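In our numbering, the protein residues as written are 1 to 364.
We treat Cβ as the ideally placed atom computed from N, Cα and C, and that holds for glycine.
Bear in mind that the values here come from a model prediction, so they are computed numbers and not experimental data.
Working notes for the structure below.
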């Protein structure tokens, strides 16, 4: 009799344990999908905020009489000076970096705030989104493909009822990437590789699967994981768990609601505890234990360098794939590692790399 009681008790304990385990798994699954929902909402909010900020600035510039007169009179030097002075003043007083440009009605660059080199360059082949204004005369702000993909706020300019060009403010994804990083989520903005014929300035960017990485300040530490992800599965399910990380997928659309790429979020599993459960607070992503999570992320970001795991020998090869924007940090780290080697060791390291250069000419 005692054996039967013990057997029944063990069965009940096992069933309870299985039920608890199953329930815990369901709660965790619900939390993961809730995080995806909140990340999507946060992404939409960030995009809309950037679009409105850029549109506000573009509208402001479109009312500058000096700029309009310079465009009407084809005075490119004056146009550049006005744009540079305005954006430089904004930068000095607010630390906000504004990239503004004026485009002629023939779709040539008239003036840009960041340089005066490309005045007169035609951009119609890269900016198919500007065809929108053939049938509309209202401003537009959206993610668009140019020579790079980014948020473009475009305002058509009319003088005495005659269309003379555009004022445009452009921003990329730097601050958005930083925002998500501050809450423990790494953002990768991926453009479908088929668009690189248009986005010519991204042709040398890092590629993942059939995508080109658009944001320059992405986290290198997840690249190996992303390269091993089945993107067909990720696109279908929106969530993949790999290497103790949750990877989320959201389609990237342009202003005509055409799919042009994807926003990929990577959340290390160890950060899950910092996000509240769905039933706790609908806005958990914004005010959830964010301060404590930010401290953890910041500590890891500054105490653990992304290049720590690479040897000096490995960095000799790594230099060929480093983005131009990140070469300064890379070279600082590389020099620090190379300083520990003798001259003979460095020479041998370069010889082992087997660099061969063909030299044309005659020996005299």
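Residue i versus residue j: straight-line alpha-carbon distance, rounded
i           : j           : result
residue 97  : residue 225 : 33 Å
residue 178 : residue 157 : 34 Å
residue 198 : residue 273 : 42 Å
residue 247 : residue 56  : 34 Å
residue 223 : residue 268 : 13 Å
residue 176 : residue 133 : 28 Å
residue 187 : residue 265 : 5 Å
residue 286 : residue 217 : Note that residue 286 has pLDDT 45, beneath the 50 cutoff, so the model's placement of it is unreliable and the number below is only indicative. Going from the Cα of residue 286 to the Cα of residue 217 covers about 22 Å.
residue 120 : residue 103 : 9 Å
residue 127 : residue 260 : 14 Å
residue 71  : residue 150 : 25 Å
residue 252 : residue 6   : 58 Å
residue 32  : residue 227 : 22 Å
residue 209 : residue 233 : 12 Å
residue 159 : residue 206 : 43 Å
residue 419 : residue 84  : Only positions 1 to 364 of the chain appear in the structure, and residue 419 is not among them; the question remains open.
residue 153 : residue 87  : 15 Å
residue 138 : residue 130 : 12 Å
residue 118 : residue 100 : 14 Å
residue 221 : residue 254 : 28 Å
residue 67  : residue 48  : 27 Å
residue 44  : residue 237 : 20 Å
residue 91  : residue 250 : 32 Å
residue 61  : residue 35  : 39 Å
residue 230 : residue 113 : 41 Å
residue 256 : residue 94  : 33 Å
residue 65  : residue 169 : 17 Å
residue 74  : residue 105 : 11 Å
Residues bridged to residue i [DSSP beta-bridge criterion]
i           : result
residue 111 : 102
residue 171 : 151
residue 253 : 259
residue 368 : In the structure as shown, the chain starts at 1 and stops at 364, and residue 368 therefore has no counterpart that could be examined.
residue 265 : 187, 248
residue 270 : Bridge partners of residue 270: none, in fact.
residue 166 : 103, 156
residue 142 : 152
residue 380 : Since the first and last residues shown for the chain are 1 and 364, residue 380 lies out of range.
Buried/exposed call for residue i, threshold 16 Cβ in 10 Å
i           : result
residue 270 : exposed
residue 10  : exposed
residue 184 : buried
residue 373 : The question about residue 373 has no answer here: the residues shown for the chain are numbered 1 through 364.
residue 241 : exposed
residue 54  : buried
residue 12  : exposed
residue 50  : buried
residue 38  : buried
residue 204 : exposed
residue 275 : buried
residue 63  : exposed
residue 144 : buried
residue 79  : buried
residue 146 : buried
residue 82  : buried
residue 303 : Residue placement at residue 303 cannot be trusted, given a pLDDT of 48 that sits under 50; what the coordinates show is reported in the next sentence. Burial call: exposed.
Nearest-angstrom Cβ-Cβ length linking residue i and residue j, presumed shorter than 8 Å
i           : j           : result
residue 173 : residue 214 : 6 Å
residue 166 : residue 155 : 6 Å
residue 201 : residue 148 : 5 Å
residue 111 : residue 76  : 6 Å
Cβ-heavy atom distance, residue i to the ligand HEM, below 7 Å
i           : result
residue 272 : Although the ligand HEM was asked about, the structure shown includes no ligands whatsoever.
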